[in-house]
Amino acid sequence: MNVVILAAGMGKRMRSRLPKVLQPIAGRPMLDHVLAATEGLSESPRVVVVGHGADAVKEHLAGAEGVTFALQEPQLGTGHALRQALPALNPADPKTIVCLGDVPLLSRVTLDRINAEAASSDLVLLTVNLDNPTGYGRILRDSTGNVCAIVEEKDATPEQKLVREVNTGIMCLPTAKLEKWLSSLTAGNAQGEYYLTDVIGLAAGEGCRITTVQPDHVWEVEGVNSKVQLAALERVWQRAQAQRLLEAGVTLIDPARIDIRGSLECGRDVEIDVNCVFEGKVKLADGVKIGANCVIRDAEIAEDTVLLPFCHIEGAKVGKGGRIGPYSRLRPGADLAGDNHIGNFVEVKKSQVGLGTKINHLTYIGDAEIGAGTNIGAGTITCNYDGVNKFRTKIGNDCFIGSGTQFVAPVEVEDGATIGAGSTISRRAPAGKLTLARVRQTTIEGWTRPVKLKK
Ligand code: UD1
Ligand code: MG
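Numbers given in this note's numbering equal positions in the sequence shown, counted from 1, plus 25.
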C-alpha cells in the first residue's frame, strides 16, 4: 500500500503565516497526527506532497522516518497534487491511499477498514453522511446505488447540494491507473483546479468497482480550513479525550474544561479539577488529585499526591504523598522523593529533594541535593549561577534552614545542621551545629531621623 499525504495547499482561509498543515490540534501540527495514524501502513516511504510553505513543512519533518517529499509548484488542485507524487510511488504496490494533511484526526482503525475493503474493490472512498454537508464534495450515486461521481460544493447544482453523503477526501486508488486518470483531468470547474475527485467519474466510466466505507466518528474526517474549524475540532478532540478518561474511572470536575496535548495516563481514583492542561507525556498514579488551573508537562506524579491550584510542573518527578502548591513551580530535573510539602512561590529546578522534606514558601532551589526530613525556611535561595557557570548546593538530612538564607554555591550543609535566619552561607556548615552568617544587630544611640526643612 502506497501512502500519499496531500499537504501543499495554501490554506488561505487560515489567514496565517504558518502553513495550514502545521497548525496545531492538541498541541501537535495537523500533519503529525496524519503521520502518526499512517505509520507502518506502507512498506515504502509515505509521500508528503508539499508546496505552499514547503520549506517550513520539510524542516518540521526533517529526520522523520519513512517519509519522502514531492513538490507541487504551483498548487493547481488535489488531482494535480497527487500527480506530483506519482514518481515517488512504489509501482509494485497495487493500491495507493490518499490522506489529507488538513484532515488530522483520522484513526488507524478507519485506515485499516479502508485497507481491508480495498482487497475486493478497485476504488474505496471514505464517506460520511452529514446533517450539514456544506463545503464538502458530494457523493453521486446512480439508480442502482453505485458511486458514479463526486461533485464539489462550488460546482454542485441545487439538487446535488441536497446530497448528504460527502467525500472525506480520503480514498484508496489503483496505483497502475493513476498516471492515465490524473493526466486526463481538466480544470474546467468553478475553482479552475485539477480535482482529484474527478477521477471517480473516470473510474466509474471504465466500469471500476467503487465502494465506500465509513469511519466510527464523524470528527475523524472533519477537514480544517479555517481557525474557526480548527478551534471547533480541537474541542471535539478534547471532549473525546475527556470521555476516554471518564470511562477509565477518572473524576473530571468538568469534562469540558480539560486540555490534553499529548498523552495522559491515570491510575485509579484520580481527580482533576477544572482548567488543567496536560502536555507531553504525563503519568498520574492512583489517588492523585490535581487542583484547578495546573499546567503539567512531561511529568510523573506518584500515588496520593495532591496538587493544589495553579501549579506549573515540567519535566519533574513527584514522589508519593506529596502536597504541592498552590502556585508551585517544578522545573526540569526536580525530583521529589515523597511526602514533600512544596508551597507557594517555590521554584525547584534540577534538584533532588529527600523524603519528607518541606519547602513551604517563596524559595528558589536550583542544582541542589537536599536530604530527608529537612525544613527549608521561607525565602531561601540557592545562588547557583555566577553568570557563566552553575554550582551545586548540598544540604543533608534533618537540617533546619532559617528563613531568608542564601546558599552561595558550591556549598555544603551537613546532616542535622541548623542555619540561622538571614544567613549568607558560602562555606561548609558542620553537622549538628548552629551556623549563622549575618551581621550582628546594633543600635545607634543618639541617632535622629533627618527632618525636612520648611521653605
Ligand atoms: C477537498 C475535496 C472535497 C472534500 C474535502 C474534505 C477535492 C477537489 N475536494 O476539498 O471533495 O469534501 O477535501 O475535506 O479534492 N492540496 C494540495 N495541493 C493543492 C490543493 C490542495 O496539496 O493544489 C491539499 C491541501 O493541503 C489539503 C488537501 O489537499 O490538505 C485538501 O485541499 P483543500 O483545498 O482543503 O480541499 P477542500 O476544498 O477541503
Ligand atoms: Mg480542506
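For each residue, glycine too, the CB sits at the ideal point set by N, CA and C. It should be emphasised that the depicted structure is a prediction, and the values quoted were computed from it without experimental measurement.
Only buried fits Arg348, as 16 or more other CB atoms lie within 10 angstroms of its CB.
Cα atoms of Glu90 and Lys308: separation of roughly 27 angstroms, rounded to the nearest angstrom.
Nearest neighbour of Leu125 by Cα position, chosen from Pro112, Ala62, Asn115, turns out to be Ala62. Annotation for Ala33 indicates a beta carbon within 7 angstroms of some heavy atom of ligand 1. A buried status is given to Pro44, since no fewer than 16 other beta-carbon atoms sit within 10 Å of its beta-carbon. Annotation for Asp323: the continuous beta strand (DSSP E) segment containing it runs 320 to 326.
Between Asp284 and Val302, the C-beta gap is smaller than 8 angstroms, which places the two residues in contact. The closest heavy atom of ligand 2 lies 7 angstroms or more from the beta carbon of Gly429. DSSP places Glu90 outside any beta strand (DSSP E), giving it a letter other than H or E. DSSP, read as helix, strand or coil, puts Asn27 in strand. Every unbroken stretch of the beta strand (DSSP E) spanning 3 or more residues and falling wholly within the region 48 to 99 is given here in chain order: 71 to 75, 92 to 96. Arg282 and Ala317 have their C-alpha atoms spaced approximately 10 angstroms apart. Taking 8 angstroms as the cut-off, the Cβ atoms of Leu221 and Leu56 do not count as close. Burial state of Asp137 is exposed, judged by a 10 Å Cβ sphere holding fewer than 16 other Cβ atoms. Per DSSP, reduced to three states, the secondary structure at Lys383 is strand. Between Glu259 and Ile50, the gap from beta carbon to beta carbon is short of 8 angstroms. Taking a cut-off of 6 angstroms from the heavy atoms of ligand 2, the residues with a C-beta inside it are Asp127, Gly248, Asn250. Going by C-alpha positions, Leu289 is about 6 angstroms away from Lys306. Of the residues Met35, Val92, Arg40, Asp118, the one whose Cα lies closest to the Cα of His77 is Met35. A residue is called buried once 16 or more other Cβ atoms fall within 10 Å of its Cβ, and Arg354 is buried on that count. The DSSP-derived three-state label of Asp127 is coil. For Ile469, the number of other beta carbons within 10 angstroms of its own is below 16, and it is reported as exposed.
Secondary structure of Asp137 (DSSP, three-state): helix.
Under the three-state reduction of DSSP, His105 is assigned to helix.
Around the beta-carbon of Pro54, 16 or more other beta-carbon atoms lie within 10 Å, marking it buried.
With 16 or more other CB atoms across the displayed protein chains lying within 10 angstroms of its CB, Gln263 is buried. Cβ neighbours of Ala79 within its own chain (closer than 7 angstroms, five residues either side excluded): Leu96. DSSP places Gln239 outside both helix and strand once states are collapsed to three, so it counts as coil. The C-alpha of Ile122 lies about 6 angstroms from the C-alpha of Met196. As a beta-bridge residue in DSSP terms, Tyr389 pairs with Glu372, Ile406.
Closer than 7 angstroms to some heavy atom of ligand 1: that does not describe the Cβ of Gly217. Val331 has Lys314, Arg348 as its beta-bridge partners, per DSSP.
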